[in-house]
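Going by this note's numbering, the first residue of the sequence shown is number 265, and it counts up by one from there. Note that beta-carbon positions come from the ideal geometry of N, C-alpha and C, so glycine has one too. Since the structure is predicted, the reported quantities are computational estimates derived from the model, not experimental observations.
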Amino acid sequence: MNRKSKLDFQQKLLKWHFQENKRVLPWKGETQVYKIWLSEIILQQTRTEQGWKYYERFLERFPSVHDLAAASLDEVYKLWEGLGYYNRCRNLHATAQIIVTQYSGVFPADYESLLRLKGIGPYTAAAIASFAFQLPYAVVDGNVYRVLSRYFGIGTPIDTTSGKHQFQTLAQECLSVLEPAAYNQAIMDFGATVCKPDAPLCATCPLQKKCLAFKEKSVTHYPAKSKKVQQKDRWFTFYFLSWKGRYAVRKREQKDVWRSLYEFPSIEWNSEKEWERSQKFKTSTKLSDWLQGVKINNMLSPKVQKLSHQTIRAFAVTATVSNPAHQLKTEWEWKTKAELKAFPFPRILQDFMDIQFTKKG
Ligand code: SF4
């Protein structure tokens, strides 16, 4: 592909953007760097429709980077609850504090400094640099990979070092240096609304004439990937253990899913068979030492939560403790229902809590 074909692609894309792009997003055309940064962090690995309400919720609670920096991490987690990928939330809070303490509340206006902030990689730095400061840095996200690989017919896997480098270079070469913000917005919107992952609108696409994937009738082959994401299955039973009207709870500190969120006592099973069999036990003592003397009250229907690399299946059991065993006394805090409301929980636990605490009072 030569310079002319890249320029042609850029011009057609910009024309589509200015004349036909009707996509409405609350952060579109935004120039305030705090809002741009917030939207970009929320949208990493999140569907736009889902991210939208979180963006509005965050802006309402934290109208400025100072407000966000001054909040407790638990409060920020609570607001983030349900979005997943919680290290984004940790980084969001850490970066807000860095901006306030080291940059006097003003985001740096150059790509390299942005890249040094926590949770800001090449994509987010390019988005902020172009949208807030009109700097010529091309964004490369899933939409960009898809549009470029299809239009230029590039079969290099996007999950390899050489593939990433090739697409980053090509994206930069296609970028309009005069209108980097409009170009970046255009290619992302085009990927989201026209050149979609499934059922792209090729029949009416303004780029169709020179699109190689369309010409070769191989649109669905792009973008290429070298390996499939390995999914891991996990099985849990969670216990709402109550003692004198309070529930055992603690913060997850281990390097695992849901780090820094709160959890109830649980048992993780080695297999689905084991997990299902465990539900038939009449007495809890057969399950684990720390359940000595626990009276099982009822069991809530199982739920599933799909994470990026794991599928979690869980039961929740409500039970009463007459005298907490030593381990439960020392490792767990006992909190009332009202106190639990302020803690951030994984979505699957929040769902169980909604059933157990809200509907049943
Ligand atoms: S013709 Fe189809 S595959 Fe090619 S750019 Fe347009 S929508 Fe994408």
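Item checked: Any non-hydrogen atom of the ligand SF4 within 7 Å of L471 CB -> yes
Next item on the list: Locate the alpha helix (DSSP H) running through T420, then write down its first and last residues.
Entry: Segment: none, T420 is in no alpha helix (DSSP H) and carries neither H nor E.
Margin query: I need the DSSP call for A583, collapsed to helix, strand or coil.
Written below: strand
Notebook entry, point to check: How many angstroms separate the CA atom of M366 from the CA atom of F502?
Noted result: Note that residue 366 is Gln in the sequence shown here, rather than Met. Looking at the two C-alpha atoms, the distance is approximately 42 Å.
Next item on the list: In angstroms with no decimal places, state the Cα-to-Cα distance between Q309 and Y511.
Entry: 33 Å
Notebook entry, point to check: Between Q432 and the rest of its own chain, which residues show a CB-CB distance below 7 Å, the 5 nearest in sequence each way excluded?
Noted result: V404
Check: Can you tell me where the beta strand (DSSP E) with D497 in it begins and where it stops?
Finding: K496 to W507
Note to self: I need the straight-line Cα distance from M563 to F609, nearest angstrom please.
What the structure shows: 19 Å
Notebook entry, point to check: Do you know how far the Cα of W316 is from the Cα of N244?
Noted result: What the structure shows of the chain is the stretch from 265 to 625, and residue 244 is not part of that stretch, so it cannot be assessed.
Check: Taking the alpha carbon of K492 as the point to measure from, which residue in A446, P464, D453 and T424 has its own alpha carbon closest?
Finding: T424
Item checked: Cα-Cα separation between Y486 and L471, rounded to whole angstroms -> 16 Å
Notebook entry, point to check: How big is the Cα-Cα spacing for R311 and G417?
Noted result: 26 Å
Checklist line | Residues of its chain near A358, where Cβ-Cβ distance is below 6 Å and the 5 sequence neighbours each way are ignored | finding: K382
Notebook entry, point to check: Given 8 Å as the limit, is there contact between the segment 379-393 and the segment 295-305, that is, 3 or more CB pairs closer than that?
Noted result: yes
Check: At what residues does the alpha helix (DSSP H) containing V340 begin and finish?
Finding: L337 to W344
Checklist line | Neighbourhood of A456 by C-beta, 6 Å cutoff - its chain only, sequence neighbours within 5 removed | finding: N407
Notebook entry, point to check: Can we say the segment 476-483 touches the segment 280-287, given the rule of at least three CB pairs closer than 8 Å?
Noted result: no
Next item on the list: Taking K473 as the reference, give the member of N266, F273 and R267 with the closest Cα.
Entry: F273
Item checked: Beta-carbon spacing of E597, R498 below 8 Å -> no
Checklist line | Simplified DSSP state of Y511, which is helix, strand or coil | finding: strand
Checklist line | Helix, strand or coil at R354 according to DSSP, with G and I counted as helix | finding: helix
Check: How far does the beta strand (DSSP E) with L564 in it reach, from first residue to last?
Finding: V558 to K570
Check: Nearest-angstrom Cα distance between P566 and R516?
Finding: 22 Å
Check: Contact between the segment 608-622 and the segment 522-541: three or more CB pairs below 8 Å?
Finding: yes
Margin query: For a minimum of 3 consecutive residues, which ranges assigned as the beta strand (DSSP E) are wholly contained in the segment 278-333?
Written below: none
Notebook entry, point to check: Can L399 and A435 be called in contact, C-beta distance under 8 Å?
Noted result: no
Notebook entry, point to check: Given a threshold of 16 other Cβ atoms within 10 Å of its Cβ, counted over all protein chains shown, does I422 qualify as buried or as exposed?
Noted result: buried
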